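Only one structure is covered here, and it is reproduced in the block below.
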Amino acid sequence: MQHDLDIYIRARYTLLWVVTSEESRALAEIDQLAKEQRKPLYVWSATTGVANPAIPTRVDGGKRDPLALLTAIMEDREPGLWVLRDFHPFLRDHTVVRRLREAAFSLESSNKTIILLGPVLKIPPELEKEITVVDFSLPTRDELDRQLDRIVESARSHGKIDIALDRRQKARLVQACLGLTINEAGNAIAKAIIQSGGRLDGDAVEAVTEEKQQIIRKSGLLEYYRSDDQLTTVGGLETLKEWLRKRVRAFGEEARAFGLPEPKGILLVGVQGCGKSLVAKSVANSWRLPLLRLDVGRLFSSLVGSSEENLRNAIKVAESIAPVVLWVDEIEKGFSGVGSSNVSDAGTAARVFGSFITWLQEKKAPVFVIATANTVSQLPPELVRKGRFDEIFFVDLPDTAERREIWKIHLLKRNRNPDDFDLHTLAMASDGLSGAEIEQAVIAGLYEAFDQNRPLEMSDLLDVLQDTVPLSQMMQEEIDALRSWARQRARRASLPA
Ligand SMILES: Nc1ncnc2c1ncn2[C@@H]1O[C@H](COP(=O)(O)OP(=O)(O)O)[C@@H](O)[C@H]1O
Ligand SMILES: [Mg+2]
Numbered sequence: 001m002q003h004d005l006d007i008y009i010r011a012r013y014t015l016l017w018v019v020t021s022e023e024s025r026a027l028a029e030i031d032q033l034a035k036e037q038r039k040p041l042y043v044w045s046a047t048t049g050v051a052n053p054a055i056p057t058r059v060d061g062g063k064r065d066p067l068a069l070l071t072a073i074m075e076d077r078e079p080g081l082w083v084l085r086d087f088h089p090f091l092r093d094h095t096v097v098r099r100l101r102e103a104a105f106s107l108e109s110s111n112k113t114i115i116l117l118g119p120v121l122k123i124p125p126e127l128e129k130e131i132t133v134v135d136f137s138l139p140t141r142d143e144l145d146r147q148l149d150r151i152v153e154s155a156r157s158h159g160k161i162d163i164a165l166d167r168r169q170k171a172r173l174v175q176a177c178l179g180l181t182i183n184e185a186g187n188a189i190a191k192a193i194i195q196s197g198g199r200l201d202g203d204a205v206e207a208v209t210e211e212k213q214q215i216i217r218k219s220g221l222l223e224y225y226r227s228d229d230q231l232t233t234v235g236g237l238e239t240l241k242e243w244l245r246k247r248v249r250a251f252g253e254e255a256r257a258f259g260l261p262e263p264k265g266i267l268l269v270g271v272q273g274c275g276k277s278l279v280a281k282s283v284a285n286s287w288r289l290p291l292l293r294l295d296v297g298r299l300f301s302s303l304v305g306s307s308e309e310n311l312r313n314a315i316k317v318a319e320s321i322a323p324v325v326l327w328v329d330e331i332e333k334g335f336s337g338v339g340s341s342n343v344s345d346a347g348t349a350a351r352v353f354g355s356f357i358t359w360l361q362e363k364k365a366p367v368f369v370i371a372t373a374n375t376v377s378q379l380p381p382e383l384v385r386k387g388r389f390d391e392i393f394f395v396d397l398p399d400t401a402e403r404r405e406i407w408k409i410h411l412l413k414r415n416r417n418p419d420d421f422d423l424h425t426l427a428m429a430s431d432g433l434s435g436a437e438i439e440q441a442v443i444a445g446l447y448e449a450f451d452q453n454r455p456l457e458m459s460d461l462l463d464v465l466q467d468t469v470p471l472s473q474m475m476q477e478e479i480d481a482l483r484s485w486a487r488q489r490a491r492r493a494s495l496p497a
C-alpha cells in the first residue's frame, strides 16, 4: 500500500480511502510514509479528536466534531497528512458529505491529504469522483514471519510453551497464515498452541489451516474448496486439458526465468453438465495449488454487507494466498444484474462488476481465475473482451469418442471394470447426453442391479438410457444459441471431430 499511497499523495490526490480492519498496521505504514515525505501526520478519531503521533502529549479534543475537524483541516496553513479513523458513520450526514467535498476541492491547491481509514467502504455518490480507494493488502510472508517470531519470543519469555518447530515447519506455518491479518494469524497460532497442550510444533500447520478456512468462510464470499478430482478424471475436452497441461509449471520460478508471463485465467462457457465445474475443481489439484471458490451469487446479496468491500476483501485474500486458483462458478448469475434496471441496486452491481473487470485485466498477483458460465445471454460483453482472460473455451456436449471415455471414467469411479462393458455401444446409445447424465445413468443402473442382488450388466445401463430424455433435447434452442455465440468468440474445448 505504501507505494500506492506515496504516489497518490505526491500526485496531490486529496481524498483517499484505505479499507482495512488492521488499523494499527496501516497507521504504522502511513506514519512511515509521512516521515519519508517530511509531512506532519494528524490522526483523528471521534473519541479523542486530533492527535499528532509525534507529539503524543498534544491532543486536540476540541475537534472531535467532524464538521469542526474538516473546517480545521481546510484552514490549516501547513502541508500534512490527516488520517480520519472510522469516519464512515459520519458520512450519513449530508452536511459532513458536503463539507468533505468542499475540502477535497480546497485541498487541491494545498499540500494536504485526507486519508479515511476504516474497515468499511461505503462511498456516498456525491463523493465518488473525489475519493480514491487504496487497497491495504494483507500481511506478506515476511511480516507474518516476524509476527511468528514475536509470538515465539514472548511465549519463551513467559516460559510457558514448548517450541518444536524446525525451519521447514516454520516456513509452512507462515505459509498457512497467508490470507490472514496479523491479529487473526496471532490468534490462530495461539489457539493451535492451546489445542496441543502448550506445544508449538508441525501440527500447528494443520490447525492454522483449518482456522484459516473458518475465517475465510466467515467472510461469506470465499470458500476453500477441497476436491479429489484430477484432470485425468475429465473425459474428452482434450484441447482444453492440453492447454492446462502445458501450464502445469507456469507458476514456478523456472517459467519466470524462461520469460513466460503467469497465466491470468480462462472462461469456460457451455452446455450444462458437461464438465466445466469439474475442470475448475481439477485444475487446482493438477497444478498443486490451493483452490478458492468465489460465490458470485452472494457477492451481490445484501445479506453480506457492502458488495464493493466484499469483492475487495475477497481479492485481497486471494492475492495474499497466491499462487492460487480462484474459481468463479456460474459467473452469469452474479453479473446478470449489471446494466438492467430490475435490480434494486443496479449502480452498485455495475460498479462491483467494473472493479472485477479491472482487476481481471490488471492483476499482478498470480491468481489464476477460472470462470464458468452456462448461458451467454446474460454475460456482459465487457467480460469477454480481449485481455480479460487468456482464453475463452466453449464446452459442448461430448461427441461419441468423448462419451466413451466418460463412461469409462464413471464405471471406474464406481469400481467396475470398463472392459466388462461394451463402451462403444454405450457411447452410441447415449447420444445427446451430457457427462453429468452419463454419470447419473451409471448410478441408476447400479441401483437396478443392487436391487436385484446381481452384478451390474450392460442391459441395466441400456435400459436406463431407454428411459432417459436428454436435457439437450429440451434445450435445443439454447444450445444452438450457445453454439452460434461461441463460433465467433470462443475456442472449442474438444478436439475437432
Ligand atoms: N467431461 C466429463 N468427464 C467426466 N465426468 C463428467 C464430465 N462432464 C460432466 N461430468 C460429471 O458430471 C458432473 C457435473 O458436471 P459439471 O462439471 O458440474 O458440469 P457443468 O459445470 O459444465 O454444468 C461432474 O462432477 C462429473 O461427475
Ligand atoms: Mg457447473
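The opening residue of the sequence shown carries number 1 in the working numbering; numbering runs sequentially from there. Backbone N, C-alpha and C fix where the C-beta goes; we use that ideal spot for every residue, glycine too. From a predicted model like this one, the values you see are computed outputs, not experimental measurements.
Report the three-state DSSP secondary structure of residue i (helix, strand or coil).
i	result
L260	coil
V234	coil
N52	strand
D86	coil
V283	helix
T400	helix
Y8	helix
D463	helix
Y42	strand
D93	coil
A155	helix
D31	helix
V469	coil
N342	Note that N342 scores a pLDDT of 48, beneath 50, so its modelled location is shaky; the value from the coordinates is reported in the next line. DSSP places N342 in coil when its eight states are reduced to three.
L69	helix
R483	helix
G347	helix
E477	helix
L379	coil
K246	coil
F353	helix
N374	coil
A318	helix
D431	coil
T358	helix
A497	coil
Going straight from the alpha carbon of residue i to that of residue j, what length do you get?
i	j	result
L222	L299	10 Å
K170	K160	19 Å
D275	V234	Here residue 275 turns out to be Gly, not Asp, going by the sequence shown. About 7 Å.
L423	E402	11 Å
R489	E437	27 Å
Q476	L482	10 Å
V269	T372	6 Å
W485	E382	15 Å
L244	G179	26 Å
Q500	A104	Outside the displayed range of the chain (1 to 497) lies residue 500, so it cannot be described from this structure.
E238	I266	15 Å
T358	P398	34 Å
S341	S377	Since pLDDT at S341 reaches only 47, below the 50 mark, its modelled position is unreliable, and the value read off the structure follows with that caveat. Rounded to the nearest angstrom, the two C-alpha atoms are 16 Å apart.
S307	L294	13 Å
I194	Q147	18 Å
Y447	Q440	11 Å
V317	K39	32 Å
W17	K35	20 Å
F335	R217	22 Å
Which one or two residues does DSSP pair with residue i in a beta bridge?
i	result
K112	G80
D201	A164
Y224	L292
F368	V325
A176	Answer is none; A176 lacks a bridge partner.
G265	V369
T425	T425 pairs with nothing; no bridge assigned.
I392	L267
G118	V19
D60	V50
R492	F394
My understanding is that residue i touches residue j, with C-beta atoms under 8 Å, so please give their C-beta distance in whole angstroms.
i	j	result
V367	E405	Actually they are not in contact, since the Cβ atoms of V367 and E405 sit about 31 Å apart, beyond 8 Å.
V83	L27	7 Å
G80	G61	19 Å between Cβ atoms; not a contact.
G186	I151	6 Å
M74	S106	5 Å
L127	R101	6 Å
E309	L121	4 Å
Considering only residues of the region 122 to 155, which uninterrupted beta strand (DSSP E) runs meet the minimum length of 3 residues and lie entirely inside it, listed in chain order?
If one requires a minimum length of 3 residues, the beta strand (DSSP E) runs lying completely within the region 122 to 155 are 131 to 135, in chain order.
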